[in-house]
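Peer 1: One structure is given below, represented as structure tokens, and several questions about it will come after.
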């Protein structure tokens, strides 16, 4: 599938960096990094094992964050067989129980592979990998490989070239390397330069691990501005525009040293309009935080994100443009497949995703929609896997989750509904109050009960529920007064005993 030409827009401010990837005038990806909430993926720490849980085959590691990080046995690498007493490790051939590999109080070099999300701490691995401009360095391994995104016909030759450059452990410094997709056309000199840089970085990390105390940060991944040049720029990128002259200078200096081809596409945006206004990106962000996504045909998607999974429901809405009902459904589902792939990227949705396409009676229509979804997802930088239609007509898929979604980054649970998405009706709150007064009257003997509640609840008590309130007052033999308080949430109230 040919990739469209893309532009990258960077909006920088001291508190926040925002990056939008635009193709044919439509925002495809949005990356946000805040100065006080910078992501941790790729960071390397000298952690301290705070607890080992054999029943879960995992351990909690203190790396100096608010919550302990999580290490599963599948991500633990064993110490080298030579018995070298260093706090890093080599992957085990067999699944050795975690309690035989780590112990409480142990200093352990770990790398963050998933940011803390919600109430969950960061996820860790003891397999270290360091990303360079062209290569990924695996210091505990001797494997030399090539990205699976590079055409299979070219991999063997590229692997042989890289193997020759890496050399043997005695002369070259050891370690394994994987060629990234943007290193496919790199010269031997460029690859050798990246190899030297990555080995030098690893030497600094090892030295720091032997000098610094546990809970120390040993290595921090590049910031978002630098990762734009390393990870987002491709041969299809036409321009990279940034609206800060200072950051343009810094990024250009970084790019000229490490990524000259990407640096050549950098431009300082000097326009009077905010850079994100060029493609109405802020409006697109606002829409990406909503549940409903309109399709051009008149159909729409409803996207609901929960802690366990994301559900996407496809609806025809007002679309009646095709020749018959089957074609209407088919065309809506095809358009939805394209929109779903874009929304997953734009919202950075990860984990399990369940898609409920409109039911299709024809097998060939199902396969065409599934093929379109897979074709659109092939453009995703993040790994995705798609299953076929289930017996219930649902499509199950997964998208690798490494960072918080757009909604998790920009929003927080509603203070009124605590994230449920709904609140009790005023009448329900009235009845809760009546039950609470009856409960209090059985335990205490005050002179009067005063109800402090939201205005809507008080209005209901004075109108439709006045008879029930008066009846309760007669039953308990005590007066009940009302006080409206607009600062209270829809479900909040207080009963004061006077």
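Residue numbers (this note's numbering): 416 to 913.
From the three backbone atoms N, C-alpha and C, an ideal C-beta is built for every residue, glycine too.
If you're wondering where the values come from, they're calculated on a predicted model, not measured in any experiment.
Based on the DSSP output, what are the partners of residue 524 in its beta bridges?
Peer 2: Partner residues in the beta bridge of residue 524, as assigned by DSSP, are 461.
Peer 1: If we ignore side chains and look at the alpha-carbon of each, how far apart do residue 540 and residue 513 end up?
Peer 2: 13 Å
Peer 1: Once DSSP output is grouped into helix, strand and coil, what is the label at residue 467?
Peer 2: strand
Peer 1: Can you tell me which of 850, 472, 796 and 719 puts its alpha carbon nearest to the alpha carbon of residue 770?
Peer 2: With distances taken between Cα atoms, residue 770 lies closest to 719.
Peer 1: For residue 888, I'd like the list of residues in its chain whose CB is within less than 7 Å of its CB, leaving aside the five on either flank, ordered along the chain.
Peer 2: 894 and 895
Peer 1: Please tell me whether residue 462 and residue 484 are closer than 8 Å, where the distance is taken between their beta carbons.
Peer 2: Going by C-beta atoms, residue 462 is nearer than 8 Å to residue 484.
Peer 1: For the alpha helix (DSSP H) holding residue 690, just list the boundary residues, first then last.
Peer 2: From DSSP, residue 690 is part of no alpha helix (DSSP H); its letter is neither H nor E.
Peer 1: Counting beta carbon pairs with one atom in the segment 666-674 and one in the segment 630-648, are three or more of them shorter than 8 Å?
Peer 2: yes
Peer 1: Closest by CA to residue 464, which one among 492, 441, 455 and 524?
Peer 2: Checked all of 492, 441, 455 and 524; the closest Cα to residue 464 is 524.
Peer 1: Rounded to a whole number of angstroms, what is the C-alpha to C-alpha distance between residue 739 and residue 746?
Peer 2: 11 Å
Peer 1: Which class does residue 514 belong to by DSSP, given the choice of helix, strand or coil?
Peer 2: helix
Peer 1: Which partner residues does residue 486 have in the DSSP bridge list?
Peer 2: 474 and 539
Peer 1: Could you name the residues that DSSP lists as bridge partners for residue 532?
Peer 2: Residue 532 is bridged to 535.
Peer 1: If you count every other CB in all the chains shown that lies within 10 Å of the CB of residue 600, and 16 or more means buried, which is it?
Peer 2: Exposed, since its Cβ has fewer than 16 Cβ neighbours within 10 Å.
Peer 1: In the structure shown, what three-state DSSP assignment does residue 610 receive?
Peer 2: helix
Peer 1: Under three-state DSSP, which class holds residue 888?
Peer 2: helix
Peer 1: What's the gap between the Cα of residue 529 and the Cα of residue 816?
Peer 2: 7 Å
Peer 1: What does the Cβ neighbour count give for residue 878, buried or exposed, with the cut at 16 atoms within 10 Å?
Peer 2: The residue is exposed, with fewer than 16 neighbouring Cβ atoms inside 10 Å.
Peer 1: Within 10 Å of its beta-carbon, does residue 435 have 16 or more other beta-carbons around it, so buried, or fewer, so exposed?
Peer 2: Residue 435 is buried by the Cβ-count criterion.
Peer 1: Classify residue 511 as buried or exposed, calling it buried when 16 or more other Cβ atoms lie within 10 Å of its own Cβ.
Peer 2: exposed
Peer 1: Mapping DSSP to helix, strand and coil, what is residue 500?
Peer 2: Legend: pLDDT at residue 500 = 44, less than 50; position of this residue unreliable, no value from coordinates given.
Peer 1: Express the C-alpha separation of residue 426 and residue 692 in angstroms, rounding to a whole number.
Peer 2: 10 Å
Peer 1: Tell me the residue span of the beta strand (DSSP E) that contains residue 682.
Peer 2: 681-683
Peer 1: Is the CB-CB distance between residue 710 and residue 751 below 8 Å?
Peer 2: Yes, they are a contact pair.
Peer 1: Should residue 911 go down as buried or exposed, given a rule of 16 or more other Cβ atoms within 10 Å for buried?
Peer 2: exposed
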